[in-house]
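Working notes, structure below.
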Amino acid sequence: AQSVTQLGSHVSVSEGALVLLRCNYSSSVPPYLFWYVQYPNQGLQLLLKYTTGATLVKGINGFEAEFKKSETSFHLTKPSAHMSDAAEYFCAVSAGTASKLTFGTGTRLQVTL
Amino acid sequence: GAGVSQSPSNKVTEKGKDVELRCDPISGHTALYWYRQRLGQGLEFLIYFQGNSAPDKSGLPSDRFSAERTGESVSTLTIQRTQQEDSAVYLCASSLVFGGGELFFGEGSRLTVL
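So the protein lines, in turn, are chains X and P. FYI, this note's numbering numbers position 39 of the first sequence as 139, with every residue one higher than the one before it. FYI, this note's numbering numbers position 98 of the second sequence as 99, with every residue one higher than the one before it.
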């Protein structure tokens, strides 16, 4: 079975500051890892994903995440926060193509002026 | 359709009543998931369907919850004898490829049990 832990249910950053949202996973097989974003009053949408290959993956809106097997982590970063980044971010893991997605509890990102 | 469609978008019901929530996945998507999102909490897996395989019902919280899917089309989630703790947003998602593929989510059905 796989699981995901997101550290910090709420993160607040100033506009222009670095965004770092933490995600650690547990999986008995090589994982597929995802970040989804939920903007206010909208459905979830995929931000980026890692399946195989390059461990640094780039997503939409300037976000990126790095798969670190030794640390069992898949932290999400963005160099410079924008007000429009305020949303709920969910990390998710699946154990490959024959497994359902398991989501973390989410991190709410607040961006202040 | 262009995206995953869920209905109703909002449902208010009295404790003890049955409710049905509907999901229309993206055409051609073989995998369909139901999740529950309680206020201020993460996504709780309920059930998934993958093609003609037996569904994984391991996330259903009680026998009051059931779901069906006809082939690779519409799915309905039924909650019998609703309780106040069933109040949540019920999210449906579909995917071309099970597991490693991108999930496309509907906007959810918000259920309030009075």
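A virtual CB, placed ideally from N, CA and C, is assigned to each residue, including glycine.
(request) Determine the contact status of Lys-12 (chain P) and Arg-111 (chain P), defining contact as a CB-CB distance below 9 Å. (result) yes
(message) If you reduce the DSSP assignment to three classes, tell me which class Glu-116 (chain P) lands in.
(response) Residue 116 (chain P) is absent from the structure shown; chain P starts at 2 and stops at 115.
(request) Give the residues of chain P in contact with Phe-174 (chain X), contact being defined as C-beta atoms less than 7 Å apart. (result) By Cβ distance, chain P contributes nothing, its closest Cβ being about 15 Å from Phe-174 (chain X), past 7 Å.
(message) For a contact defined as C-beta to C-beta under 7 Å, what are the partners of Phe-203 (chain X) on chain P?
(response) Gly-43, Leu-44
(request) Using a cut-off of 8 Å between C-beta atoms, extract the partners of Phe-86 (chain X) located in chain P. (result) Nothing can be reported for residue 86 (chain X), as the shown portion of chain X is limited to 101 through 213.
(message) For the beta strand (DSSP E) containing His-110 (chain X), name the first residue and the last one.
(response) 110–114
(request) Using the Cα positions of Leu-156 (chain X) and Ser-59 (chain P), report the straight-line distance between them to the nearest angstrom. (result) 33 Å
(request) Check whether the segment 21–35 of chain P touches the segment 172–189 of chain X, taking contact to mean three or more Cβ pairs, one atom from each stretch, closer than 8 Å. (result) no
(request) May I ask you to report which of helix, strand or coil DSSP gives Asp-64 (chain P)? (result) coil
(request) Identify which residue in P:Tyr-91, P:Ser-67, P:Leu-97 has its Cα closest to the Cα of Gly-29 (chain P). (result) P:Leu-97
(request) Would you mind telling me which residues of chain X sit closer than 8 Å to Glu-15 (chain P), beta carbon to beta carbon, in chain order? (result) Within 8 Å Cβ-Cβ: nothing; Glu-15 (chain P) doesn't reach chain X, min ~26 Å.
(request) Please go through the segment 122–156 of chain X and give each complete beta strand (DSSP E) segment of 3 or more residues, from N-terminal end onward. (result) 132–138, 144–150
(request) Could you tell me the distance, in whole angstroms, from the CA atom of Thr-207 (chain X) to the CA atom of Arg-39 (chain P)? (result) 14 Å
(request) Return the first residue and the last residue of the beta strand (DSSP E) that Glu-1 (chain P) is part of. (result) No answer is possible for residue 1 (chain P): it lies beyond the span of chain P, which begins at 2 and ends at 115.
(request) Measure the alpha-carbon distance for Val-75 (chain P) versus Arg-23 (chain P) and round it to whole angstroms. (result) 7 Å
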